[in-house]
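A short worksheet on the structure shown next.
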Amino acid sequence: MVSYNKWTQTEKELLEQLASSYHSGINWNQIAAKFVSRTPKQCYDCYTLMKKSSGFERQYIKWTKQEEDQFIEYIQKVGVNWPRIQQDLFPQRSISQLKNKYRQSIQHLMHEKPSNASVSATETTVSQVDIIQQLKMILQ
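Residue numbering for the sequence shown follows the working numbering, starting at 1068 and increasing by one per position.
Pasting the structure below:
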């Protein structure tokens, strides 16, 4: 059974020990097998965050409205190039966090009703089609 709970200090220390034992090409499947309830992706994400934050005490950083706006504007300019977005704007966030935020933003937009009554049904449909196409690209 997969755990979605926060990583314990003991788990993080074991993860660090296991990952650092590889001299080249970390095998996340083998590492995940050492945990009762962690997937290879969870191991990779946790390890990556630990390395970027230079420690084990990294906490979730809540997105500010300014960051969200900057994020959406940048995606409109460069598309969903996650490594570039991470490098240029959010080096403290993992690529998974960026993808999750994007999915969350898309879901929010899809459920949002147009605030302007003069928006035609055609304009709404076109923007929804664009959103769905972007979602499909991400989920590939």
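Note that CB positions come from ideal geometry on N, CA and C, so glycine has one too.
Source: prediction; values computed, not measured.
Just the C-alpha distance for residue i and residue j, rounded to the nearest angstrom, thanks.
{"i": "S1172", "j": "I1142", "result": "12 Å"}
{"i": "T1075", "j": "N1096", "result": "20 Å"}
{"i": "L1081", "j": "R1160", "result": "22 Å"}
{"i": "P1107", "j": "S1091", "result": "17 Å"}
{"i": "Q1229", "j": "I1139", "result": "Residue 1229 is absent from the structure shown; the chain starts at 1068 and stops at 1207."}
{"i": "V1145", "j": "R1170", "result": "17 Å"}
{"i": "Y1089", "j": "Y1114", "result": "13 Å"}
{"i": "Y1071", "j": "I1128", "result": "17 Å"}
{"i": "L1206", "j": "T1077", "result": "Confidence at L1206 is low in this model, with a pLDDT of 48, below 50, so the placement of that residue should be treated as unreliable; the coordinate-derived value is given next. Computed Cα separation, rounded: 33 Å."}
{"i": "V1147", "j": "M1177", "result": "18 Å"}
Report all residues from its chain with a CB closer than 7 Å to the CB of residue i; omit the five preceding and five following residues, and keep chain order.
{"i": "I1093", "result": "A1086"}
{"i": "W1249", "result": "For residue 1249 there is no data in the structure shown, the boundaries of the chain being 1068 and 1207."}
Sort the options by Cα distance to residue i and report the nearest one.
{"i": "E1083", "options": "A1099, N1072 and N1148", "result": "A1099"}
{"i": "R1105", "options": "K1079, H1175 and S1091", "result": "K1079"}
{"i": "T1073", "options": "D1155, L1116, V1145 and K1101", "result": "The identity of residue 1073 in the sequence shown is Lys, whereas the question assumes Thr. Taking only the C-alpha atoms, the option nearest K1073 is L1116."}
{"i": "D1155", "options": "Q1109, Q1137 and K1166", "result": "Q1137"}
{"i": "S1175", "options": "Y1071, E1135 and V1069", "result": "A quick correction: the sequence has His, not Ser, at residue 1175. Nearest of Y1071, E1135 and V1069 to H1175, Cα basis: E1135."}
For residue i, collect the residues of the same chain with a Cβ closer than 8 Å to its Cβ; drop the 5 residues on either side in sequence, then sort them by chain order.
{"i": "P1158", "result": "K1119"}
{"i": "I1162", "result": "W1149, P1150 and Q1153"}
{"i": "D1112", "result": "S1161 and S1163"}
{"i": "V1069", "result": "S1104, R1105, T1106 and Q1109"}
{"i": "K1101", "result": "L1081 and L1085"}
{"i": "L1165", "result": "F1138, W1149, I1152, Q1153 and F1157"}
Requested in this report: List in chain order: all unbroken alpha helix (DSSP H) runs of 4+ residues lying wholly within the segment 1079-1134.
Outcome: Runs of the alpha helix (DSSP H) inside the segment 1079-1134: 1095-1100 and 1107-1120.
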